[in-house]
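For what it's worth, the working numbering labels the leading residue of the sequence shown as 7, then goes sequentially.
Where is the CB? At the ideal position from N, CA and C, for every residue including glycine.
Here's the structure we're looking at; comments come further down.
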Amino acid sequence: MSDRTDRQSDGPRAAPRARTPAQALFRRLFVINGLVFTVGTLVLALSPATVSSPVLLAEVPVLTVGLALIVAANALLLRASLAPLDALAALMQRVDLLRSGDRLTDSGNGDLTHLIDTFNAMLDRLEAERSAASAYALAAQEGERQRIARELHDEIGQSLTVVLLGLKRAADRAPDDLREELHTVQETVRASLDEVRQVARRLRPGVLEDLGLQSALSALSSDFSAVSGVPVTRRVDPGLPALSGDVELVLYRIAQESLTNVARHAHATRVELSLTAGAGHLTLRITDDGRGGALQEGAGIRGMRERALLIGARLTLASAPGGGTDVRLVIPDAAERS
Numbered sequence: 007m008s009d010r011t012d013r014q015s016d017g018p019r020a021a022p023r024a025r026t027p028a029q030a031l032f033r034r035l036f037v038i039n040g041l042v043f044t045v046g047t048l049v050l051a052l053s054p055a056t057v058s059s060p061v062l063l064a065e066v067p068v069l070t071v072g073l074a075l076i077v078a079a080n081a082l083l084l085r086a087s088l089a090p091l092d093a094l095a096a097l098m099q100r101v102d103l104l105r106s107g108d109r110l111t112d113s114g115n116g117d118l119t120h121l122i123d124t125f126n127a128m129l130d131r132l133e134a135e136r137s138a139a140s141a142y143a144l145a146a147q148e149g150e151r152q153r154i155a156r157e158l159h160d161e162i163g164q165s166l167t168v169v170l171l172g173l174k175r176a177a178d179r180a181p182d183d184l185r186e187e188l189h190t191v192q193e194t195v196r197a198s199l200d201e202v203r204q205v206a207r208r209l210r211p212g213v214l215e216d217l218g219l220q221s222a223l224s225a226l227s228s229d230f231s232a233v234s235g236v237p238v239t240r241r242v243d244p245g246l247p248a249l250s251g252d253v254e255l256v257l258y259r260i261a262q263e264s265l266t267n268v269a270r271h272a273h274a275t276r277v278e279l280s281l282t283a284g285a286g287h288l289t290l291r292i293t294d295d296g297r298g299g300a301l302q303e304g305a306g307i308r309g310m311r312e313r314a315l316l317i318g319a320r321l322t323l324a325s326a327p328g329g330g331t332d333v334r335l336v337i338p339d340a341a342e343r344s
């Protein structure tokens, strides 16, 4: 019987349960209050001050001062203990998954370290999940753009070309009173064909795939100036590091969206586009001299932020009233992303 008991006692024991954050905080508050009241009791017991029964009027100030000291000490200790909760609540209110890196640092309060670490880990997980979801969504968007561009170029573009050739043959054989009218229709069809080609080129930047990023930015600036009438000053470093297709596409799309916003909202007379390489980073900057003002986080800007997150870049937008808009994309370690 004793042998069975000994064998049972040698068996595996249940692991002790870890304290939850609520239990740890309760224990800390309990210890703080206990220490405060213990110290107060020892002071009253060991000091020469005495309390009569009933309490004399001269003893009321002593009791009042003692109570005030105990309450003040308790308040200071509790405030120091719970201070990280205010910072955590402020972070919860301002957190934005499109602006990564905003985290709460450990203030040295051991009982709240677990809570802070858990919240920071949750933000890391949410940002990673959003980045993955955005990557899938943007990849699907680019695929759909390429499909539409191919259909515009191969089907609608070819059909308009056939119509244009047919109108030319008809105009050559038509009598003089109809020839001028056919030429007008022919020019309308030619203009429509040019617009279709421009739309297809904006949807699928073939020049980016064929000639590279510098040529694509040059063509983008030229198209913008031709449509809006606003000149674009370009400055691209000749010694740019080799970049991957994803990084080049993000740079092109952000430059494209920035120029589109200038044409729609800025009322600018001059635009500057630069792509420069610094010490370990690459910077794309688009500035204008338009009216500036408050920036509304619409679908275009949020799309730019999502694209920046995909390559680990930092996107900043500054727009002072009357001072134009400054869009800046900084890609750290650009050479390592090739």
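Check, Outcome
"Look at the alpha carbon of Ser264 and the alpha carbon of Gly299, and state the distance between them as a whole number of angstroms.", "15 Å"
"Check whether the Cβ atoms of Ala326 and Arg334 sit closer than 9 Å, and answer yes or no.", "no"
"Can you tell me whether Thr266 is helix, strand or coil according to DSSP?", "helix"
"Which residues share a DSSP beta bridge with Pro338?", "His287"
"In the DSSP assignment, what residue or residues form a beta bridge with Val242?", "Leu281"
"Look up Leu144 in the DSSP assignment and give the residues it is bridged to.", "Answer is none; Leu144 lacks a bridge partner."
"Measuring straight from C-alpha to C-alpha, what distance separates Arg270 and Arg291?", "18 Å"
"Look at the alpha carbon of Glu278 and the alpha carbon of Asp178, and state the distance between them as a whole number of angstroms.", "47 Å"
"If you draw a straight line from the C-alpha of Glu215 to the C-alpha of Glu193, how long is it?", "31 Å"
"Just the Cα atoms here: how many angstroms apart are Leu63 and Leu91?", "43 Å"
"Cβ atoms of Asn80 and Asn39: under 9 Å apart, would you say?", "yes"
"Can you give the Cα-Cα distance for Val66 and Val37, rounded to whole angstroms?", "28 Å"
"Going straight from the alpha carbon of Pro338 to that of Gly318, what length do you get?", "8 Å"
"What residues match up with Ile292 in a beta bridge as DSSP calls it?", "Leu279, Val333"
"Only counting the same chain, and skipping five residues up and downstream in sequence, which positions put a Cβ closer than 7 Å to that of Leu188?", "Leu173, Ala176, Ala177, Ala180"
"Three Cβ pairs or more, each shorter than 8 Å: is that satisfied between the stretch 272-288 and the stretch 238-252?", "yes"
"Are the beta-carbon atoms of Leu226 and Tyr258 separated by less than 9 Å?", "yes"
"Quick one: measure Cβ to Cβ for Arg210 and Val256, integer angstroms, because I've assumed they're closer than 8 Å.", "Rounded, the Cβ-Cβ distance is 16 Å, inconsistent with contact."
"Quick check on this structure: which residue in Asp243, Pro244, Val213 has the alpha carbon closest to the alpha carbon of Asp229?", "Val213"
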